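As numbered in mature numbering (1 follows the signal peptide of the UniProt record, and there is no 0), residues -22 to -1, 1 to 314 make up the sequence shown, in order.
Every residue gets a Cβ at the ideal spot worked out from N, C-alpha and C, and that includes glycine.
On a predicted model such as this, the values are computed, not experimentally measured, just so you know.
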Amino acid sequence: MKLIHKAIALNLIACSAFYSTAANSEPVDEASLSGLIPDSHQTLPQGVLLGAKRELVSDKPPSENFDLLDWSLTLPTDLNKDLKADMIYEKPLSKGFELKPLFYTAQDGGMVFASPNVGAKTSKNTKYVRTELREMLRRGNNRMKTQGITGNNWVFSGAHGSVKRKAGAVEGSLEATLAVNRVSTTGDEKMVGRVIIGQIHATKDEPIRLYYRKLLNNEHGSIYFAHEENGGDDTWVNLIGSRSHTLQDPQEGIKLNEKFSYKISVNNNVLFVTLIRLGKPNITKAYDMSNSGYDKSNQYMYFKAGVYNQNNGGEPKDYVQATFYHLDNQHPGYRY
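This is the structure:
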């Protein structure tokens, strides 16, 4: 694993203590940090889940409870036999699509995502399968290309001005409230219990992959994220617990079926991640991506949310599942 001397990894717990999580970086004092964290994260109420007041209806498809016109959905199925995972684009997704037991509305109105360990993949280079939303800023405008520097995707503020003018937005945030209902329980111990619940995907790599992991003998699960440099290695940052497959029960972790929220933002090339648990102090960490290569002219971004199963073995019926109760993608100047 590479050293993190290029990064600023910051930790905010209950707005009171600030630390650097990078092995070779200098601690950042409170005055500097308070000026770095955007208001959208600093002003989040402590221990209050995002979207807590929204009303969800149980007898409607997911699009009746969530605005899904700026998302597409990848499924771990290959119904048309083209050797790739099926994709449901914005218009059908926003007009009542559901497919039990993979994507549907729960009895409490939440939006359920489930993915088996083994299924159809998005490409030959992908190791794992998913039931996952992909941000589509074009909102059903099929004249706009989905890939590339187009109005369908967003870019970093450090990108060239011409690139920013072509993109659909410059930086932004993803908010979610969810409960992980099930994790994988069979197969390689290094993969058991892992699921990605939120991402920023770039042209090829991922500025962030947000993980939940609960081991078989643990009551609580960990939350951590990976930052992948453009064309480079991963840096791992812990929010609660760690990604270790031998971790003892993280007492401050999150149980299965326990609701929690996250907010992921990019602001001035800096990544911010806030974890919110009901009635507990918020945890915010930041990572400076100025040297990660995502402000190059060929780099475009989009958010992803759902379940990206990180176990590709075990019993045939093994699977992961999460239920989302709030999902909101936000970009400066983006109207929706």
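Original post:
Among residues of its own chain, excluding the 5 on either side of aspartate 56, which ones have a beta-carbon nearer than 7 Å to its beta-carbon?
Top reply: Within the sequence shown, residue 56 is the residue found at index 78, counting from 1. Only Lys62, Ala63, Asp64 and Ala98 meet the Cβ criterion.
Subject >> Alpha-carbon spacing of valine 244 relative to tyrosine 82, whole angstroms >> reply: For the purposes of this step, residue 244 is taken as the residue at position 266 of the sequence shown. For the purposes of this step, residue 82 is taken as the residue at position 104 of the sequence shown. If you take the alpha carbons of valine 244 and tyrosine 82, they lie about 30 Å apart.
Subject >> Residue closest to leucine 256, alpha-carbon to alpha-carbon, out of Ile15, Pro16 and Gly25 >> reply: On the sequence shown, position 278 is the one that residue 256 refers to. When only C-alpha atoms are compared, the closest one is Gly25.
Subject >> Where the beta strand (DSSP E) through leucine 34 begins and ends >> reply: Start at 1 with the first residue of the sequence shown, and residue 34 comes out as number 56. Unbroken run through leucine 34: none, as it is neither H nor E.
**OP:** Compute the distance between the beta-carbons of leucine 27 and lysine 282, then report whether it is under 8 Å.
**Re:** Counting from one through the sequence shown, the residue named residue 27 turns up at place 49. Counting from one through the sequence shown, the residue named residue 282 turns up at place 304. Not in contact: leucine 27 and lysine 282 (Cβ atoms no closer than 8 Å).
Original post:
What three-state label does DSSP hand leucine 53 in the structure shown?
Top reply: As a first step, residue 53 must be located in the sequence shown, where it is residue number 75. It is coil, neither helix nor strand.
**OP:** Whole angstroms is fine: what's the gap from glycine 199's alpha carbon to leucine 77's?
**Re:** Here residue 199 refers to the residue found at position 221 of the sequence shown. Here residue 77 refers to the residue found at position 99 of the sequence shown. Using only the alpha carbons, I get a separation of about 28 Å.
Original post:
Would you call aspartate 211 buried or exposed, if buried means 16 or more other Cβ atoms sit within 10 Å of its Cβ?
Top reply: Taking the sequence shown and counting its residues from 1, the one referred to as residue 211 is at position 233. That one is exposed.
Subject >> Rounded Cβ spacing between serine 162 and tyrosine 297 (contact assumed at less than 8 Å) >> reply: Along the sequence shown, read from residue 1 onward, the residue named residue 162 stands at position 184. Along the sequence shown, read from residue 1 onward, the residue named residue 297 stands at position 319. Confirmed, about 7 Å.
Original post:
In its own chain, which residues sit with a C-beta less than 8 Å from the C-beta of lysine 168, not counting the 5 before and 5 after it?
Top reply: Position 190 of the sequence shown holds residue 168. Excluding positions up to five away in sequence, the list reads His223.
Subject >> Continuous beta strand (DSSP E) stretch holding serine 93: start and end >> reply: Residue 93 sits at position 115 when you count from the first residue of the sequence shown. 89 to 94 is the span of the beta strand (DSSP E), which, as asked, contains serine 93.
**OP:** Could you name the residues of the same chain whose beta carbon sits closer than 7 Å to that of alanine 9, not counting the 5 residues immediately before and after it, in chain order?
**Re:** In the sequence shown, the residue the question calls residue 9 occupies position 31. For alanine 9, the pLDDT reaches just 44, beneath the cut-off of 50, and the residue's location in the model is therefore unreliable, leaving the point undetermined.
Subject >> Buried versus exposed, by CB contacts within 10 Å (16 or more), glutamate 184 >> reply: Counting from one through the sequence shown, the residue named residue 184 turns up at place 206. Buried is the call here.
**OP:** Leaving aside the five residues before and after glutamate 42 along the sequence, list all residues of the same chain whose C-beta is less than 7 Å from its C-beta, in chain order.
**Re:** Residue 42 sits at position 64 when you count from the first residue of the sequence shown. Closer than 7 Å at the Cβ level, and outside the excluded window around glutamate 42, lie Val35.
Original post:
Using 8 Å as the Cβ pair cut-off and three pairs as the minimum, do the stretch 142 to 150 and the stretch 299 to 313 touch?
Top reply: yes
Subject >> Own chain partners of asparagine 235 with C-beta closer than 6 Å, once the 5 adjacent residues on each side are dropped >> reply: Taking the sequence shown and counting its residues from 1, one reaches residue 235 at position 257. The residues are Ala157 and Asn159.
Subject >> Separation of asparagine 131 from valine 170, as counted between CA atoms >> reply: The residue given as residue 170 occupies position 192 in the sequence shown. The residue given as residue 131 occupies position 153 in the sequence shown. Rounded to whole angstroms, valine 170 to asparagine 131 spans 33 Å at the Cα level.
Subject >> Residue span of the alpha helix (DSSP H) that contains glutamate 68, given as start and end >> reply: Start at 1 with the first residue of the sequence shown, and residue 68 comes out as number 90. Where glutamate 68 is concerned, the enclosing alpha helix (DSSP H) stretches over 68 to 72.
Subject >> C-alpha gap between lysine 59 and arginine 143, whole angstroms >> reply: As a first step, residue 59 must be located in the sequence shown, where it is residue number 81. As a first step, residue 143 must be located in the sequence shown, where it is residue number 165. Computed Cα separation, rounded: 39 Å.
Original post:
Buried or exposed: which applies to threonine 21, given that a residue is buried once 16 or more other Cβ atoms fall within 10 Å of its Cβ?
Top reply: If you number the sequence shown from 1, residue 21 lands on position 43. Label assigned to threonine 21: exposed.
Subject >> Exposure label - leucine 46; buried when at least 16 CB within 10 Å >> reply: As a first step, residue 46 must be located in the sequence shown, where it is residue number 68. Per the 10 Å Cβ criterion, buried.
**OP:** Note the first and the last residue of the continuous beta strand (DSSP E) segment covering serine 239.
**Re:** On the sequence shown, residue 239 is found 261 positions in, with the first residue counted as 1. Serine 239 -> beta strand (DSSP E) spans 238 to 245.
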